[in-house]
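Asks:
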Amino acid sequence: MKAARLWIRLGGSRHDVGLALLTALLFVAVAARYRQFTSAVGLRDIFDDTSILILLALGQMLVMLTRAIDLSVAATVALTGMCVALINQAEPQVALPWLVLGAALLGAVLGAVNGLLVWQLQIPPIVVTLGTLAIYRGTTYLVSHGRWVNSGDMSPSFLTLVRERWCGVTFLSWLAIVGVLFTACFLRYSVAGRSLYVAGNNPEAAGNVGVDVGRAQCLAFVFNGLLAGLCGYLWVARYAVAYTEIASGFELTVIAACVIGGVSIAGGSGTVFGVVLGCLFLGVIKNALPLLAVSPFWQMAISGAVIVTAAALNAAGTRAPQRQRILEN
Amino acid sequence: MTDEARPSHYRPPTPWRRRLLRWEVFLALVVAADFAFNVQLSPYFLSTETLADVSFNFTEKALVALPMTLLIIAGEIDISVAATMALASVCMGLLATTTASLSAIVGCGLAVGLLAGAFNGALVTRWRVPAIVATIGTMSLYRGIAYGILGDRVLKDYPPAFAFFGQGYIAGPVSFELLLFTLAAVLCALYLHRTEFGRRLVAIGCNKTAAEMAGVRVNRYRFGLFVATGVASAAASVLLTSRLGSTRPSIAQGMELDIISMVILGGVAITGGRGSIAGVVLAAILTGLAIFGLGLINVPGVVVSLLMGALLILIVGLPIVGQRLSRTRAWARLRRTQV
Chain A
153 MKAARLWIRL
163 GGSRHDVGLA
173 LLTALLFVAV
183 AARYRQFTSA
193 VGLRDIFDDT
203 SILILLALGQ
213 MLVMLTRAID
223 LSVAATVALT
233 GMCVALINQA
243 EPQVALPWLV
253 LGAALLGAVL
263 GAVNGLLVWQ
273 LQIPPIVVTL
283 GTLAIYRGTT
293 YLVSHGRWVN
303 SGDMSPSFLT
313 LVRERWCGVT
323 FLSWLAIVGV
333 LFTACFLRYS
343 VAGRSLYVAG
353 NNPEAAGNVG
363 VDVGRAQCLA
373 FVFNGLLAGL
383 CGYLWVARYA
393 VAYTEIASGF
403 ELTVIAACVI
413 GGVSIAGGSG
423 TVFGVVLGCL
433 FLGVIKNALP
443 LLAVSPFWQM
453 AISGAVIVTA
463 AALNAAGTRA
473 PQRQRILEN
Chain B
2 MTDEARPSHY
12 RPPTPWRRRL
22 LRWEVFLALV
32 VAADFAFNVQ
42 LSPYFLSTET
52 LADVSFNFTE
62 KALVALPMTL
72 LIIAGEIDIS
82 VAATMALASV
92 CMGLLATTTA
102 SLSAIVGCGL
112 AVGLLAGAFN
122 GALVTRWRVP
132 AIVATIGTMS
142 LYRGIAYGIL
152 GDRVLKDYPP
162 AFAFFGQGYI
172 AGPVSFELLL
182 FTLAAVLCAL
192 YLHRTEFGRR
202 LVAIGCNKTA
212 AEMAGVRVNR
222 YRFGLFVATG
232 VASAAASVLL
242 TSRLGSTRPS
252 IAQGMELDII
262 SMVILGGVAI
272 TGGRGSIAGV
282 VLAAILTGLA
292 IFGLGLINVP
302 GVVVSLLMGA
312 LLILIVGLPI
322 VGQRLSRTRA
332 WARLRRTQV
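This is the structure:
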């Protein structure tokens with residue numbers, strides 16, 4: 153009981169505990185039959201495989217906290233990934249840190265475009281990002297002329313950085329760990345981070361206490377774009393190929409991970425821990441299915457069923473009182 | 002938010018009816034401009050065959066956009082429409098391997114759409130899942146089942162008569178697809194703008210809780226709309242499958258975003274409570290013309306969608322910019338008269 157109260161005080165929620173137990177249960181059930189799943193290598197591989205999803209879901213979570221949504225993340229990943237791949241192909245001597253930084257900055261600019269359209273023009277976020285989804289994807293085609301950049305066209309250091317191991321953990325996993333810690337601290341200890349919750353929880357009240365909702369949404373979009381830009385490089389380096397359609401449709405997986413992790417689509421609630429668990433839950437399923445000899449074609453249906461079940465369970469737990477709802481509509 | 006700040010003699014902006022009218026006039030002008038542009042591009046554009054071809058570019062999506070309009074006006078959304086189309090297509094394709102009966106194949110497709118829509122509706126109304134979350138989930142689920150059943154195979158054992166739905170003509174350049182879409186559009190327009198049921202949908206979209214307290218059976222309407230959207234998706238699936246003559250699990254991939262864009266382009270507020278069928282029909286025609294015109298000058302598909310995305314933001318953003326400019330001007334005038 154005391155532990156539970158401490159947990160709530162530390163920002164955890166009952167939902168997170170349930171999801172953690174469920175993820176652990178799933179993990180144990182698979183591990184009971186397949187030894188290789190439990191070995192340290194297996195664990196590390198699952199985390200490594202889920203790292204990009206975690207980074208993208210963290211950004212999407214910030215956006216969803218402010219009662220917005222970003223459908224353009226996957227297109228941002230594709231555009232920044234293609235840009236760094238093309239630069240690396242044309243000018244292999246450009247130092248890698250500059251490329252990674254450039255990818256993140258380009259992503260932040262793309263996120264800022266979304267954010268400014270939402271903030272200054274007050275177009276609903278779903279409309280803005282539906283439009284920029286098509287625009288960013290189309291621009292990816294225009295900059296690459298529809299060509300592929302294959303692993304042979306990229307410099308070896310460009311490709312191996314994500315696989316570099318420090319203390320047995322890949323660079324990619326380290327980035328995810330740093331991202332998780334940073335976002336958690338940002339949301340918990342900074343005024344800007346708290347203002348995201350305020351903006352999404354009750355936009356009208358937020359205005360009265362001096363939180364500019366549009367600005368908070370713009371900030372979330374820029375942060376999300378930054379992470380998506382970083383993931384653009386990571387995606388291309390990890391899969392060693394860049395083409396127009398990379399990460400196509402991945403925005404919905406990202407949103408699904410957030411929803412499973414307990415982030416409310418109506419804004420104002422969600423925890424970093426929950427989102428990480430949501431990602432790991434999807435990651436464990438993805439890695440377990442091949443072991444269970446389930447045809448990869450069924451994988452999408454199973455994750456769909458998981459999303460629907462998780463969403464229904466989450467919705468059953470939250471019931472806003474009616475008096476509040478009539479005013480918030 | 003700024004309501005309290007306004008002085009008592011503040012006059013509300015133009016009534017919504019006039020504003021709506023202006024929106025549609027604006028869209029009609031864009032359609033006319035695009036039409037003229039296409040005529041410029043190719044001397045063959047004005048032939049009946051070409052015009053018939055243009056209609057195939059939008060009828061299937063527009064058929065789903067109609068109930069989607071009603072759904073968005075009621076404050077909901079359905080992202081699983083394209084996945085429903087794929088699932089219906091796979092089921093029809095499987096049935097077509099055993100029977101050649103047209104009514105059985107089409108009936109099976111429509112039944113799948115009905116069930117898919119009913120499941121979405123149940124999730125939203127009974128289990129109270131937000132529509133966008135529920136249908137993102139069922140999108141994966143339905144598309145996933147289609148992939149699971151079919152894998153990397155292709156189904157193309159459709160009877161020859163099945164081709165009529167997607168390729169047949171009723172009279173002159175009027176295809177079966179166009180006729181079906183026109184009928185559905187007229188029905189939806191009458192329902193939304195001329196019946197009390199339509200008024201109730203708008204009320205639900207404006208404020209769900211208030212509508213419920215005013216005696217509207219909100220959940221019954223929302224459930225019905227999800228079922229209607231499912232059935233319309235299945236009907237569009239019949240047309241698309243028949244036109245292509247084959248089924249892959251990736252059929253209609255990404256179409257949900259095109260359909261929702263079409264509805265928003267038609268002036269429907271994504272937050273619910275406002276919109277008209279006429280606007281969506283115009284947006285559908287505009288989409289068809291634009292895709293065709295850009296096709297004439299060899300613009301690849303992904304660039305076409307880039308331009309449509311830019312058009313979406315531009316067309317939604319422009320009136321907001323204009324409104325803001327005129328409002329600041331009005332405010333400046335007001336302040337001057339007060340001093």
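Protein chains in written order, with this note's numbering: chain A, 153 to 481; chain B, 2 to 340.
Ideal Cβ positions, reconstructed from N, Cα and C, are used throughout, including at glycine.
(1) Apply the 10 Å Cβ neighbour rule to B/Ile80 and answer buried if 16 or more other Cβ atoms are within range, or exposed otherwise.
(2) Take B/Gly294 and list the residues in its own chain whose beta-carbon comes closer than 7 Å to its own, dropping the five residues that flank it on each side.
(3) Please confirm if the region 358–371 of chain A is in contact with the region 234–252 of chain A, defined as three or more CB-CB distances below 8 Å between the two stretches.
(4) By a C-beta neighbour count over all protein chains shown, 10 Å radius and 16 as the cutoff for buried, is A/Asn302 buried or exposed?
(5) Any residues in the region 125–147 of chain B with a beta carbon nearer than 8 Å to a beta carbon of chain A? Which ones, in chain order?
(6) Grab me the residues of A/Leu174's own chain with a C-beta within less than 8 Å of its C-beta, minus the 5 sequence neighbours each way, in chain order.
(7) What is the residue span of the alpha helix (DSSP H) that B/Tyr148 lies within?
(8) Looking only at DSSP bridge pairs, what is A/Tyr288 linked to?
(9) Taking only runs of the alpha helix (DSSP H) that begin and end inside the region 192–254 of chain A, which ones reach a length of at least 4 residues, in chain order?
(10) Counting only Cβ pairs nearer than 9 Å, list the residues of chain A close to B/Leu258.
(11) Helix, strand or coil for B/Ile171 per DSSP?
(12) Below 8 Å, how does it come out for the region 409–420 of chain A and the region 180–188 of chain A: are there three or more Cβ pairs, yes or no?
(13) Just verifying my parser: in three-state terms, what is the DSSP assignment at B/Arg127?
(14) In terms of residue numbering, what span does the alpha helix (DSSP H) encompassing B/Asp54 cover?
(15) Would you please verify whether the beta carbon of B/Gly310 is less than 7 Å from any beta carbon of chain A?
(16) Taking only beta carbons into account, state which residues of the region 197–215 of chain A come closer than 8 Å to chain B, listed in chain order.
(17) Could you spell out where the alpha helix (DSSP H) holding A/Arg367 opens and where it closes?
(18) B/Leu307 CB to nearest chain A CB: under 7 Å?
(19) Any idea if A/Trp300 is buried or exposed, counting beta-carbon neighbours within 10 angstroms, 16 or more meaning buried?
(20) Between the Cα of A/Val428 and those of A/Pro448, A/Val314 and A/Ile407, spot the shortest distance and give me the residue it belongs to.
(21) From B/Ser306 to A/Ala255, what does the alpha carbon distance come to, in whole angstroms?
(22) When you compare only the Cα positions, how much space is there between A/Gly103 and B/Ser243?
(23) For B/Trp128 versus A/Ala467, is the C-beta distance shorter than 7 Å?
(24) Rounded to the nearest angstrom, what separates B/Leu240 and B/Glu61 at their Cα positions?
(25) Which same chain residues end up closer than 7 Å to A/Ser307 when comparing Cβ atoms and leaving out the 5 residues on each side of it in sequence?
(26) Can you tell me which of the three DSSP states B/Ala37 falls into?
(27) Note the first and the last residue of the continuous alpha helix (DSSP H) segment covering A/Glu316.
(28) Is the CB-CB distance between B/Phe224 and B/Thr126 below 7 Å?
(29) Quick one: grab the DSSP three-state call for A/Thr335.
(30) Per DSSP, B/Ser176 is paired with what?
(31) Taking the alpha carbon of A/Tyr385 as the point to measure from, which residue in A/Val374, A/Phe373, A/Ile398 and A/Phe375 has its own alpha carbon closest?
(32) Under the rule that 16 or more other beta-carbon atoms within 10 Å means buried, what is B/Asn299, buried or exposed?
(33) Closer than 9 Å between beta carbons: that is the criterion. Which residues of the region 399–418 of chain A meet it against chain B?
(34) CB-CB under 7 Å to A/Asp305, same chain, minus the five flanking residues each way: which ones, in chain order?
(35) Per DSSP, what kind of secondary structure is A/Val301 in: helix, strand or coil?
(36) Going by beta carbon distance, what residues of the same chain come within less than 6 Å of A/Ser296, once the five residues before and after it are set aside?
Replies: Reading it off the structure:
(1) Of the other Cβ atoms in all chains shown, 16 or more fall within 10 Å of the Cβ of B/Ile80; this residue is therefore buried.
(2) Sequence-distant Cβ neighbours of B/Gly294 in its own chain, meaning closer than 7 Å and more than five residues away, are Asp35, Phe38, Asn39 and Leu42.
(3) Segments in contact, no.
(4) A/Asn302 is classed as exposed because its beta carbon has fewer than 16 other beta carbons within 10 Å across all chains shown.
(5) Within the region 125–147 of chain B, Trp128, Arg129, Val130, Pro131, Ile133, Val134, Ala135, Ile137, Gly138, Thr139, Met140, Ser141, Leu142, Tyr143, Arg144, Gly145 and Ile146 place their CB atoms closer than 8 Å to a CB of chain A, listed in sequence order.
(6) Taken in chain order, the residues that qualify are Phe433.
(7) Judged by DSSP secondary structure, B/Tyr148 falls within the alpha helix (DSSP H) whose first and last residues are Ala132 to Leu151.
(8) According to DSSP, A/Tyr288 bridges with nothing at all.
(9) Whole alpha helix (DSSP H) segments, 4+ residues: 192–217 and 225–242.
(10) Annotation: Cβ neighbours of B/Leu258 in chain A (cutoff 9 Å, chain order): Leu223, Leu282, Leu285 and Ala286.
(11) Strand at B/Ile171.
(12) Two segments are said to touch when three or more pairs of C-beta atoms, one from each, lie closer than 8 Å; by this definition the region 409–420 of chain A does not touch the region 180–188 of chain A.
(13) In this structure, B/Arg127 counts as coil in the three-state DSSP scheme.
(14) Membership of B/Asp54 in the alpha helix (DSSP H) is indicated by the continuous run Thr49 to Phe57.
(15) Closer than 7 Å: yes.
(16) Under the 8 Å Cβ criterion, the region 197–215 of chain A contributes no residue.
(17) Counting along the chain, A/Arg367 sits inside the alpha helix (DSSP H) bounded by residues Val365 to Tyr391.
(18) Yes, B/Leu307 lies at the interface with chain A (some Cβ there is under 7 Å from its Cβ).
(19) With fewer than 16 Cβ atoms within 10 Å of its Cβ, A/Trp300 is classed as exposed.
(20) Of the candidates A/Pro448, A/Val314 and A/Ile407, A/Ile407 places its Cα closest to the Cα of A/Val428.
(21) The alpha-carbon of B/Ser306 is positioned some 24 Å away from that of A/Ala255.
(22) The question about residue 103 of chain A has no answer, for chain A in this structure spans 153 to 481.
(23) Going by beta carbons, B/Trp128 and A/Ala467 fall inside the 7 Å limit.
(24) Approximately 7 Å, taken between the alpha carbons.
(25) Result list for A/Ser307: Asn240 and Pro244, in chain order.
(26) In the displayed model, B/Ala37 falls within a helix according to three-state DSSP.
(27) Run containing A/Glu316: none; DSSP gives neither H nor E here.
(28) For B/Phe224 and B/Thr126, yes; Cβs fall inside 7 Å.
(29) Helix.
(30) Residue pairing for B/Ser176: DSSP places it in a beta bridge opposite B/Tyr170.
(31) It is A/Ile398 whose Cα lies nearest to the Cα of A/Tyr385.
(32) The residue is exposed, with fewer than 16 neighbouring Cβ atoms inside 10 Å.
(33) Residues Ser400, Gly401, Leu404, Thr405, Ile407, Ala408, Val411, Ser416, Ile417 and Ala418.
(34) Once the five neighbours on either side are set aside, the close Cβ partners of A/Asp305 are Gln241.
(35) Residue state, collapsed to three classes: strand.
(36) Result list for A/Ser296: Met234, in chain order.
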